[in-house]
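Written out as structure tokens, the structure is:
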């Protein structure tokens, strides 16, 4: 059995010792690789020459997703990762449809879908009676499932595989430096970058970056170095997380037991993961010792009792990882501090309920990557990064509201909440309306309402509003997202081909910003990129035609019934906070 490695919360993670040779044990079909630390070419003063466009602190899923997002725009980066393997333990395990859309833009979707387990159904029990069943939307127009289960070590490995493919095509595009700990940082006096002190088993050195992206997790060294703290709500409820290997035929679904007879006064969750790994989370009762609960004998006793209760106690199993978790909804008040930007758990903490942890981190990376790339390339002003902070903090509050409601139900913070939950659960079997209180409110794409990047356009009878993500739709061949890349996309939805303001389009195509035009017409109409049914046009408010300007993260920047002359350059300039588009404003 393995457990998470401890770290000093004041100083951050400890780099692996140069004498470390034993790999973490394999889990199912997953086998670990140890990556050797190295020193770059250094000057006599121990400084690495030059200045990197972006340095990323933290090589977990968010850091690697950000690196791949920057690579989509040709921006090189250095990733500093204190560990020398991908993570140990499943940790984040549920990946939402929105995150899968992001992963597709990063190039790693086939691996995620090849290994991940799709699911859409969740069941909740009060004692032993099923009192609520939810099913996430899985309509025919979707090409991706609402959720997959995939252990974090696979998530990191598949992102790393894509990084290696990118580096094979463009050597040095993403420079991952394993076993390398960030020990000090300072923003340069000229305001043009940051200087970092790092060390690994081979030695210590300094390097410079134009920008530092802090993706170094909940114990963020960068956050502590700047004297920043997360603020918000913390909960007393503690959950033990146990991964077991169990050869069970039970379907992939989320199960939750409230006040089960085999663990009264507690909540137990169970998820299936690839390779016959099952994730069990259970709530510690008041007065229970965390240290005692994590003892191997206590873990084994609890798991066996739980499996006996659900009719699977006769099956062989073994523990492969344990940890403990305390819920909280907290955030920095700004994600941008000079030349330092924060993402993922370094920027915020989110309760696990509704799976908003890593999924929020993927959204952070998706929102930040194109903006940081544009600013680093001089295409956009620094105010574009301000929009990253504003949009993602607003998204945090939207996510936190739902997550906190779920947390207060799953882990009541007071006797009053406990009594309300008992009442709701006891009535839910007979009263289906009350059962809706048990809904875990799974994560979904957030609208950036009131974003400074959005432009006023036309009112349409339907379709996504400015700030919303463009929803998936089926086409005659393939799907709508097949035509939406990590660039500004002018999506032209006209049942019959109609003229566009050619001068504006030509200038946009010749400008510095990455820009594409995609035209979708009705079935049987020639000369378009793709064709769609009348139902698709109706859903998108385009029965008589519509034009959407999409940001590189797939959110709507503007929309029109017909594209007026001069509207495109103005909307592009606003959405990119452009320094120069070489097109008339």
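In my numbering, the protein residues as written are 115 to 699.
The beta-carbon is built from N, C-alpha and C at its ideal position, and this holds for glycine as well.
Since this is a predicted model, take the numbers as computed values, not measurements.
Pairwise C-alpha distance: residue 441 and residue 373: Straight-line Cα distance between these residues: approximately 19 Å.
My assumption, with CB atoms under 8 Å, is that residue 217 sits in contact with residue 192. Please give the rounded CB distance. Actually they are not in contact, since the Cβ atoms of residue 217 and residue 192 sit about 22 Å apart, beyond 8 Å.
Which stretch, first to last residue, makes up the alpha helix (DSSP H) that contains residue 272? Note, residue 272: alpha helix (DSSP H), 266-283.
Anticipated Cβ contact below 8 Å, residue 167 with residue 189, distance rounded: Confirmed, about 5 Å.
Residue 447 to residue 344 span [Cα, whole Å]: Their backbone Cα atoms lie some 8 Å apart in a straight line.
Neighbourhood of residue 480 by C-beta distance below 7 Å, restricted to the same chain and skipping five residues each side: Cβ within range, chain order: 183, 216, 667.
Inter-residue Cα distance where the pair is residue 203 and residue 439: Straight-line Cα distance between these residues: approximately 13 Å.
When DSSP builds the beta bridges, which residues end up paired with residue 229? According to DSSP, residue 229 bridges with nothing at all.
Given that a residue counts as buried once 16 or more other Cβ atoms are within 10 Å of its Cβ, and exposed if not, what is residue 700? The question about residue 700 has no answer here: the residues shown for the chain are numbered 115 through 699.
From 586, 618, 210, pick the residue whose C-alpha is nearest to that of residue 653; which is it? For the residues 586, 618, 210, the minimum Cα distance to residue 653 belongs to 586.
For residue 428, which three-state DSSP category applies? Residue 428 falls in the coil class under three-state DSSP.
Skipping 5 residues on each side, what residues in its chain have a beta carbon closer than 6 Å to that of residue 430? Leaving aside the five residues that flank residue 430 on each side, none in its chain has a CB nearer than 6 Å to its CB.
Determine the DSSP secondary structure at residue 410, reduced to helix, strand or coil. Here residue 410 sits in helix by DSSP.
So for residue 358, helix, strand or coil by DSSP? Reduced to three states, the DSSP call for residue 358 is strand.
Between which two residues does the alpha helix (DSSP H) containing residue 621 stretch? DSSP places residue 621 in the uninterrupted alpha helix (DSSP H) bounded by 616-624.
Three-state class that DSSP yields for residue 299 in the structure shown: Note: residue 299 maps to strand in three-state DSSP.
Between residue 234 and residue 261, which are expected to be in contact by the criterion C-beta below 8 Å, what is the C-beta distance as a whole number of angstroms? Going by Cβ atoms, the distance from residue 234 to residue 261 rounds to 7 Å, so yes, they are a contact pair.
Among residues of its own chain, excluding the 5 on either side of residue 384, which ones have a beta-carbon nearer than 6 Å to its beta-carbon? Once the five neighbours on either side are set aside, the close Cβ partners of residue 384 are 369, 394.
Suppose the cutoff is 7 Å on Cβ atoms and the five residues either side in sequence are ignored; what does the same chain contact list for residue 412 look like? For residue 412, where only same-chain residues beyond five positions count, the Cβ hits under 7 Å are 406.
Can you tell me whether DSSP reads residue 687 as helix, strand or coil? For residue 687, the secondary structure class from DSSP, reduced to helix, strand or coil, is helix.
With the cut-off set at 8 Å, would you say residue 776 and residue 194 are in Cβ contact? Nothing in the structure corresponds to residue 776, since the chain is present only between 115 and 699.
In whole angstroms, what is the alpha-carbon distance linking residue 327 and residue 457? Straight-line measurement puts the Cα of residue 457 at about 7 Å from the Cα of residue 327.
Who does residue 161 pair with in a DSSP beta bridge? Paired residue(s): 320.
Quick one: using the 10 Å Cβ neighbour count with 16 as the cut-off for buried, is residue 375 buried or exposed? Exposed is the call here.
As a quick exercise: from 454, 472, 259, pick the residue whose alpha carbon is nearest that of residue 462. For residue 462, the nearest C-alpha among the options comes from 472.
Straight-line gap, residue 408 to residue 415 (C-alpha atoms, nearest Å): Spanning the two alpha carbons is a distance of roughly 11 Å.
Which of the three DSSP states, helix, strand or coil, is assigned to residue 598? Coil.
So the candidates are 687, 683, 566; which of them puts its Cα closest to the Cα of residue 621? With distances taken between Cα atoms, residue 621 lies closest to 683.
Option in 482, 515, 512 with minimal Cα separation from residue 499: Answer by Cα proximity: 482.
Going by other Cβ atoms of all chains shown within 10 Å of its Cβ, with 16 needed for buried, is residue 387 buried or exposed? With a threshold of 16 other beta carbon atoms within 10 Å, residue 387 meets it and is buried.
For residue 404, does the count of other Cβ atoms within 10 angstroms reach 16, so buried, or fall short, so exposed? Residue 404 comes out exposed.
Determine the contact status of residue 569 and residue 685, defining contact as a CB-CB distance below 8 Å. The answer is yes: Cβ separation under 8 Å.
Take residue 177 and list the residues in its own chain whose beta-carbon comes closer than 7 Å to its own, dropping the five residues that flank it on each side. Taken in chain order, the residues that qualify are 170, 193, 329.
Minimum Cβ-Cβ distance from residue 401 to chain C less than 8 Å: This model lacks chain C altogether, as it is built from one protein chain only.
By how many angstroms is the C-alpha of residue 650 removed from the C-alpha of residue 119? Residue confidence is low: residue 119 scores 36 on pLDDT, short of 50, so the model does not pin down where it sits. No coordinate-derived value is stated.
Do residue 206 and residue 266 have their beta-carbon atoms positioned less than 8 Å apart in this structure? Taking 8 Å as the Cβ cut-off, residue 266 and residue 206 qualify as a contacting pair.
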